[in-house]
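Each remark here refers to the structure printed beneath this line.
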């Protein structure tokens, strides 16, 4: 028990990017005492636990929860200015979310084995990505139709999605496996919906694409291609815009953005990638938006109306509650809602 509590206190401190001295000052104890807490040489009193709970913004049961997860490799190379302290904090935040999620599934005896449908397609050139996307869409039985809720789709395919809101603006997303079994994608929940959707699929590319001996820059290019192709397949690009063209109206771009949930800059890139617009037109487009603030605002406005949400975790909590697998207080803790609110939602 001492080691469990010690690790929890240390991890919570890392979560909040605090030093041992910061914690000591808040608790009214010495730095050495905080060190003893984290080494398992001493256990805080109940009053100190209450202060720790308030300081870290965590429920009391966090410090005594023995259910823990191990994150797979996480690479923050895309954001070189994302400090090590912030990286460590983010990892702890992800762990907390996933511990609750996986513990809940375990409580409900929900188990599965994820299968990567495109694991055998080795990606060595950009055309291979198109083949992988088509294979995945076919395997997932979604054809080439617009996808209204990426998060719901991913969770239906047994990929856990965590949206984080209290995170650094420099963080966009990441993908990893938990306990060498559960595929997970984490995304900045504060993003405009189009950017969130693209980021989710970019990270899905990192998770699923078979990229042997691939350099970082090329891997990013492949994952960008994966996201763009998944959101707006080449076949549909041509169907929506026809053959080679010299001009595209803003109205066409806005209509497509609303239908497919992809940003206008990404649509323009897809038009070039599909041979509909020339690279020179692409350059001209960016020059026009760069020097015209009003046009820039129009081009970068968010318009996709379907929210990117999944209520699976909440459904699992209420299912566990109705089956008496968990108590009202535990459900309240998991949902971060007061007990009365949980009671009102579980009357039937």
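Residue numbers (our numbering): 1219 to 1566. Here a beta-carbon is modelled for each residue, glycine too, at the ideal position from N, C-alpha and C.
Contact belief for residue i with residue j at Cβ below 8 angstroms, rounded distance in angstroms
{"i": "residue 1459", "j": "residue 1489", "result": "6 angstroms"}
{"i": "residue 1397", "j": "residue 1382", "result": "Actually they do not touch by this definition, with Cβ atoms about 20 angstroms apart."}
{"i": "residue 1389", "j": "residue 1281", "result": "About 26 angstroms separates the two Cβ atoms, so there is no contact after all."}
{"i": "residue 1400", "j": "residue 1314", "result": "Not a contact, Cβ separation roughly 15 angstroms."}
{"i": "residue 1564", "j": "residue 1540", "result": "7 angstroms"}
{"i": "residue 1292", "j": "residue 1256", "result": "Contact doesn't hold; Cβ gap of about 23 angstroms is too wide."}
{"i": "residue 1551", "j": "residue 1234", "result": "About 19 angstroms separates the two Cβ atoms, so there is no contact after all."}
{"i": "residue 1249", "j": "residue 1239", "result": "5 angstroms"}
{"i": "residue 1380", "j": "residue 1404", "result": "5 angstroms"}
{"i": "residue 1518", "j": "residue 1325", "result": "Not quite, the Cβ-Cβ distance comes to about 44 angstroms (not below 8 angstroms), so this is no contact."}
{"i": "residue 1368", "j": "residue 1418", "result": "5 angstroms"}
{"i": "residue 1438", "j": "residue 1392", "result": "Not really, about 13 angstroms apart at Cβ, beyond 8 angstroms."}
{"i": "residue 1266", "j": "residue 1245", "result": "6 angstroms"}
Cβ shell of residue i (< 7 angstroms), same chain only, five flanking positions each side left out
{"i": "residue 1522", "result": "1411, 1412, 1475, 1476 and 1479"}
{"i": "residue 1334", "result": "1426"}
{"i": "residue 1408", "result": "1383"}
{"i": "residue 1423", "result": "1440, 1441, 1444 and 1445"}
{"i": "residue 1303", "result": "1235"}
{"i": "residue 1258", "result": "1220, 1221 and 1224"}
{"i": "residue 1232", "result": "1306, 1307 and 1310"}
{"i": "residue 1520", "result": "1410, 1411 and 1412"}
{"i": "residue 1612", "result": "Here the chain comprises residues numbered 1219 to 1566, so residue 1612 is not present and cannot be evaluated."}
{"i": "residue 1348", "result": "1447 and 1452"}
{"i": "residue 1362", "result": "1355, 1451, 1453 and 1454"}
{"i": "residue 1532", "result": "1553"}
{"i": "residue 1497", "result": "1490"}
Cβ neighbour criterion (16 or more within 10 Å) applied to residue i
{"i": "residue 1546", "result": "exposed"}
{"i": "residue 1394", "result": "buried"}
{"i": "residue 1444", "result": "buried"}
{"i": "residue 1525", "result": "exposed"}
{"i": "residue 1534", "result": "buried"}
{"i": "residue 1492", "result": "buried"}
{"i": "residue 1229", "result": "buried"}
{"i": "residue 1387", "result": "exposed"}
{"i": "residue 1414", "result": "buried"}
{"i": "residue 1268", "result": "exposed"}
{"i": "residue 1332", "result": "exposed"}
{"i": "residue 1467", "result": "exposed"}
{"i": "residue 1507", "result": "buried"}
{"i": "residue 1312", "result": "buried"}
{"i": "residue 1538", "result": "buried"}
{"i": "residue 1549", "result": "buried"}
Same chain only: Cβ atoms within 8 angstroms of residue i, ignoring 5 sequence neighbours per side
{"i": "residue 1317", "result": "1283, 1285, 1286 and 1287"}
{"i": "residue 1346", "result": "1339 and 1340"}
{"i": "residue 1260", "result": "1251 and 1254"}
{"i": "residue 1344", "result": "1439, 1440 and 1443"}
{"i": "residue 1330", "result": "1376"}
{"i": "residue 1247", "result": "1266"}
{"i": "residue 1536", "result": "1549, 1563 and 1564"}
Cβ shell of residue i (< 6 angstroms), same chain only, five flanking positions each side left out
{"i": "residue 1503", "result": "1486"}
{"i": "residue 1185", "result": "It is not possible to answer for residue 1185, since the shown part of the chain is limited to 1219 through 1566."}
{"i": "residue 1354", "result": "1335 and 1336"}
{"i": "residue 1471", "result": "1482 and 1485"}
{"i": "residue 1455", "result": "1488 and 1492"}
{"i": "residue 1357", "result": "1335"}
Chain B contact for residue i (CB, 9 angstroms cutoff)
{"i": "residue 1285", "result": "Here chain B cannot be found, since the structure has a single protein chain."}
Near the ligand ZN: residue i beta-carbon under 8 angstroms from a heavy atom
{"i": "residue 1386", "result": "Looking for the ligand ZN in the displayed structure turns up nothing, as the structure carries no ligands at all."}
Entirely enclosed alpha helix (DSSP H) segments - the segment 1346–1370, minimum 4 residues: none
At a cut of 8 angstroms, does the segment 1363–1383 reach the segment 1459–1467 through at least three beta carbon pairs? no
Quick check for students: name the residue ranges of the beta strand (DSSP E) that lie wholly in the segment 1374–1404, counting only runs of 3 or more. 1378–1382 and 1391–1396
Taking 8 angstroms as the cut-off, does the segment 1419–1432 touch the segment 1338–1348 (at least 3 CB pairs, one atom from each stretch)? yes
Would you call the segment 1363–1373 in contact with the segment 1267–1284, where contact means no fewer than 3 C-beta pairs closer than 8 angstroms? no
The segment 1507–1522 touching the segment 1434–1452, judged by at least three CB pairs closer than 8 angstroms: no
Where are the alpha helix (DSSP H) runs, 4 residues long or more, that stay fully inside the segment 1399–1457, in chain order? 1411–1426 and 1434–1449
Which runs of the alpha helix (DSSP H) spanning at least 4 residues fall entirely within the segment 1312–1345, listed in chain order? none
At 3 residues or longer, and completely inside the segment 1480–1532: list those beta strand (DSSP E) runs for me, N to C. none
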